[in-house]
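Protein chains in written order, with this note's numbering: chain A, 11 to 167; chain B, 11 to 167; chain C, 180 to 589; chain D, 180 to 589.
Each residue gets a CB set at the ideal place from its N, CA and C atoms; glycine is no exception.
Report on the structure given below.
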Amino acid sequence: MPGLEDLYREVILDHYRNPRNRGELETPPALMAEGFNPLCGDEVKVYVQLDGDTITDVRISGQGCSISQSSASMMTTVVIGRTIDEARGTLRSFKQMMSIHEHGLDGQDSALDGSTEVPSGLGDLEALRGVVKFPVRIKCATLGWNTFDQALAEADS
Amino acid sequence: MPGLEDLYREVILDHYRNPRNRGELETPPALMAEGFNPLCGDEVKVYVQLDGDTITDVRISGQGCSISQSSASMMTTVVIGRTIDEARGTLRSFKQMMSIHEHGLDGQDSALDGSTEVPSGLGDLEALRGVVKFPVRIKCATLGWNTFDQALAEADS
Amino acid sequence: MSLDVAAVKADFPLLAREVHGTPIVYLDSGATSQKPRAVLDAMNRYYETINANVHRGAYHIAELATIASEDARRTVARFIGAGDEHELVFTKNATEAINLVAHSWGRTNLTEGDVVLLSLLEHHANIVPWHQLAEERGIEVRWIPLTDDGCLDLTDLDHLLDGVKLVAVTAVSNVTGAIPPVRQLADAAHAVGALCLVDGSQYVPHLATDVTELGCDFLAFTGHKMCGPTGIGMLWGRRELLDAMPPFLGGGEMILDVRRDGFTPNVVPWRFEAGTPPIAEMIGIGAAVDYLEGLGMDAVRKHEVSLTDYALRTLGDRFGDDLLIHGPTDTTHRGGILSMCLRDIHAHDLSQVLDQHGVCVRAGHHCAKPLMRELGVTSTSRASLYLYNDESDIDALGDALDEAARFFDF
Amino acid sequence: MSLDVAAVKADFPLLAREVHGTPIVYLDSGATSQKPRAVLDAMNRYYETINANVHRGAYHIAELATIASEDARRTVARFIGAGDEHELVFTKNATEAINLVAHSWGRTNLTEGDVVLLSLLEHHANIVPWHQLAEERGIEVRWIPLTDDGCLDLTDLDHLLDGVKLVAVTAVSNVTGAIPPVRQLADAAHAVGALCLVDGSQYVPHLATDVTELGCDFLAFTGHKMCGPTGIGMLWGRRELLDAMPPFLGGGEMILDVRRDGFTPNVVPWRFEAGTPPIAEMIGIGAAVDYLEGLGMDAVRKHEVSLTDYALRTLGDRFGDDLLIHGPTDTTHRGGILSMCLRDIHAHDLSQVLDQHGVCVRAGHHCAKPLMRELGVTSTSRASLYLYNDESDIDALGDALDEAARFFDF
Ligand SMILES: Cc1ncc(COP(=O)(O)O)c(C=O)c1O
Ligand SMILES: Cc1ncc(COP(=O)(O)O)c(C=O)c1O
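In structure tokens form, the structure reads like this:
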């Protein structure tokens, strides 16, 4: 039976209390996407500033629970300074970690044959691993990431 | 547990084997209505010839099971020669006899408070009383009658 | 007659279970109620002894299944004070019931510029079908505003009713518990030649219901919130209205005849029940109504009012301004629904901590986003009461809220 | 692997009952199947241990309910060979599934003069929704005729396909058991740029199903005919098609956002599942699929083919020309459905006598009136077989037919 300490790891609470990179960026030049968590009504806006292929800045606005806020906050610290491809690689790894129980709970990206391997190399983000034991909260953890992904998609189009 | 003999009384089988007043009448002057039993697909046409308020002839065409055919056949023998009002009285009595279990199985005329008294004075028609023990067959027994009623309704309009 | 809650609780198998090592405290009946054993037994009995398709079989168990399911229709019709059971249509849930009205009555009677008047208390089920009609037909969706305490603001009603063809309102808000004056709204609608649809999803399970007293033209409600199974909802409509409405879904059961070039629809209610009906679920909802009638709806309501009083009072005492409970404070004008915000702890986090203490509440927008925006929140934690809850459940909620306040105290 | 029918029979509680003092002989699975104990147990377990509304609760039993019901979606998707469970939409029955396509895809893609091509084998569920669209939009409903032995006459197919946007056919006739060449029809439809909807209501319960092999774009089927509960049906559709289709019913669950002035629909499949889903029923159909997969669909089919062979042979021997059984005689091209006429005894009378001997068959038009007219009958008595039937059931049917012939021998 998973307990609260599996979910609310200290680093998560820290990012929740002190979210990094909150705010907005001017659009354009920044890209922006808006995401909803249909379960709880949370809305998040993710702003992405690119310089060529490099992500030079990311800002988060909107409300959310500790999991969605801290996950988005950690994300900003990981992707700023990376290339789009690198960021997408991290996104994939993160979502793979989250996908263990996600199929069936998320409309966007689950497959019938969910792999059960947990990718490594996510740093602080691995603190979110406990979320998979609380399937309903997976959507919270991935909200910022999916919205970030949407913003990047605009760069392609 | 009701048995077949409750349903297939001799007089019923007799009317089934030898249906009275089968055929058609020219319309106009005769009135005609068409009825469906949505359960089995049976279709019946009832022709009614009036002279003023008096029913001078009734004819039945179409197919049906023993219950619907014999009920319609018996009906013709009872209503020919009667006034419209008299025929409607018999119709009411007959449907009351049939309504004991009918509510809920029939869309047209049942009430929440189905009376449980069985009217008398229906003559041969009382042989159909056993049908109420077979609720699905009630629609068979009333098909000709309801169609007759519809034909009469045209006289009003 | 008052409710013997201990006995009632014992009727519900799920309430005997534990979660995370503590007895469950189920406070989410606004989302779905638990089911008494009598309801499960009735459905099992159907499946084990008379399972057969209805209306079309001349054999014994098919007759018994037909009678049992149509008996349920009569039972439910009587429960809501309908004089004619043909006015009661079974759907899959309350949502389909409202969509049925929007498709069949709405698309026949509403044209561009016609107004459907909703309240800001509505559940998405009573919003989206009208938005869809607005997109498709250019009807206008207009909103009855709220007062500060979350009731309907009817000061401007005359003006709001201009051009209105349908007033569609909930009888109990699933967020604030507010009970709008449905009768007044129905009368006002009729006075301008409009109809009134009532969303009774949160009303019928909790208050004695009489469609004549409500004065409405349509009443939608749902089985799973009233001790019945999932997979069944109900639409009551006035007979003349239903009789004049075209079919919605097409298929078996709803026809009198089908030809290569067209079809002849059946009479009501079957006209609106295309395909194999939810037979076991009809029998289940019949058993649920029998169960509720056995307890008496007045006793149920009385119990819930006094429990809501207890909750508002004790939680107010314990948490003061730290705990915001939305909605009217006069419990005679509200249902047992408590939408809470504890300080600035997010509803998801709050309900997660509550869950660790066995306390089940709902976190989110409760499918009422326009109302949430009006209340200035994106989500709340909602505790909703029913006949099997008692003061110990409220106390457990208070204890768990205490724990949450401590856990997130930074 | 072959079927141990005695063991299978023992899994179905209802089959142990008697009617009129004799053991029941259930031959009406084409109308609805009996349910194995495992299915009832799964639903009871849900109600007794994890009953909660899905997708919206952060508490433990709500999570378990969400996982269990979404697991069922995956189970059913796999059962029909769908690579992506998001292609599987739960409805209330097969009828709603077809109506969903007619409303969402049909009203978006079909305009006046477009043709929907049906076969004369269709059930009303796959006729009336298109008639409704014909009335509303002026589309044309066109019919594939039949050969003398009740199969589809495809000699003129090229010509029939002119102007066709959708071919909608049953995979097994519920009256004659005929199995049309669905793959050929789907390929022919695609060749002219049309889509193909398959009504799998009588197919999925009886034959191993693979949507890729069928080659269709939509597949509708229904829970209660495949050992599952009432109140649930399924629509499978190709992902690109579903993704592009607008919502049908509006309400909770099917939205991402709702504002005063509009709404944003959810992704598939939830976009098409408005309101509280049939949760217990989803879990029930998942358990039904587990049950069927445990036996193996190839074994089920093999058993039914050999039992149909036995029936055609022994009944032919006993009754000769007195008993007309409609449909193809080659059992590799038909399902276990036997529509019978015994001399000129009306189907209602025949089935009534059969019932007195415990034999349950369906009498009527089987919701396929255009086909009945084509066959030149208003009703037939239909015996339909399933995995729990054996030769003794066929023998009992023969004995009861004998009695009926005697009873009505005048
Ligand atoms: C071929 C066929 N299609 C569709 C249906 C409709 O199924 P349901 O009544 O469950 O919607 C049936 C059964 O009644 C059927 O046999
Ligand atoms: C007020 C109200 N209306 C409608 C509904 C919809 O009910 P269902 O989801 O059973 O269709 C609900 C519950 O979800 C509700 O609370």
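In the three-state reduction of the DSSP assignment, PRO457/C falls in the coil class, being assigned neither a helical nor a strand state. For ligand 2, no non-hydrogen atom lies closer than 7 Å to the CB of SER181/D. Distances from the alpha-carbon of ARG253/C to those of ILE240/C, ALA241/C, VAL268/C and HIS239/C put VAL268/C closest. Think of a sphere of 9 Å around the beta carbon of GLY13/B: the chain D residues whose beta carbon falls inside it are HIS199 and GLN535, in chain order.
Here the region 212 to 222 of chain D lies against the region 457 to 469 of chain D, with 3 or more beta-carbon pairs under 8 Å apart. Interface criterion met: the Cβ of THR557/D is under 8 Å from a Cβ in chain B. Residue burial is scored here from C-beta neighbours: THR355/D has at least 16 other C-beta atoms within 10 angstroms and is therefore classed as buried.
Taking 4 residues as the shortest admissible run, the region 426 to 488 of chain C contains the following complete alpha helix (DSSP H) segments, listed from N- to C-terminal end: 458 to 474. Here GLU136/B carries a helix assignment [DSSP, helix/strand/coil].
Distances from the CA of VAL21/B to each of ALA165/B, VAL146/B, THR37/B and GLU136/B were compared; the closest alpha carbon is that of GLU136/B.
Collapsing the DSSP output to three states places ILE246/C in a helix. Straight-line measurement puts the Cα of LYS344/D at about 27 Å from the Cα of MET433/D. When Cβ-Cβ separations below 8 Å define contact, PRO48/A makes contact with chain D. With its beta carbon less than 8 Å from one in chain C, ARG147/B belongs to the interface. Within chain D, the residues whose beta carbon sits less than 7 Å from that of ILE306/C are VAL437, listed in sequence order. Going by beta carbons, ASN278/C and THR401/C fall outside the 8 Å limit. By the criterion of a C-beta distance shorter than 8 Å, SER283/D is surrounded in its chain by MET424, PRO425, PRO426, PHE427 and PHE451, once the five residues flanking it on both sides are discounted. The beta carbon of THR409/C lies closer than 6 Å to those of HIS403 in the same chain, with the five residues before and after it left out. If the five residues before and after VAL390/D are omitted, its C-beta is found closer than 7 Å to the C-beta atoms of ILE259, GLY260, ALA261, LEU398 and TRP415, all from its own chain and listed in chain order. For THR270/D, the shortest separation between its Cβ and any heavy atom of ligand 2 does not lie below 7 Å. In the three-state scheme derived from DSSP, where H, G and I count as helix and E and B as strand, VAL556/C is classed as coil. Per DSSP, reduced to three states, the secondary structure at PHE587/C is coil, with no helix or strand assignment. Ranked by how close their Cα comes to the Cα of ALA583/C, the residues LEU533/C, GLY342/C, MET413/C and LEU296/C have LEU533/C in first place. In this structure, DSSP gives ALA350/C a state outside helix and strand, which the three-state scheme calls coil. Distance check between ASP328/C and each of ALA373/C, THR510/C, HIS239/C and LEU296/C places THR510/C closest, using alpha-carbon atoms only. Within chain A, no C-beta atom comes nearer than 8 Å to that of MET413/C; the closest sits roughly 26 Å away.
Under DSSP, TYR205/C takes part in a beta bridge, and its partners are CYS539/C. Pairing THR64/A with ILE90/A, the inter-Cα distance amounts to about 8 Å. Annotation: the continuous alpha helix (DSSP H) that includes ILE148/B extends over 145 to 166.
Shortest Cα-Cα distance from ASP578/D to any of TRP309/D, THR493/D and ILE504/D involves THR493/D.
Boundaries of the beta strand (DSSP E) around ARG69/A: 64 to 72. SER212/D and GLY430/C have their C-alpha atoms spaced approximately 20 Å apart. The beta carbons of GLY537/D and THR201/D sit closer together than 8 Å.
No Cβ-Cβ contact shorter than 8 Å links GLU242/C with VAL142/B. When the alpha-carbon of LYS214/D is set against those of ILE524/D, GLY407/D, VAL255/D and THR388/D, the nearest one is in GLY407/D.
Within the same chain, SER212, LYS404 and MET405 come within 7 Å of PRO384/D by CB-CB distance, once the 5 residues on both sides are set aside.
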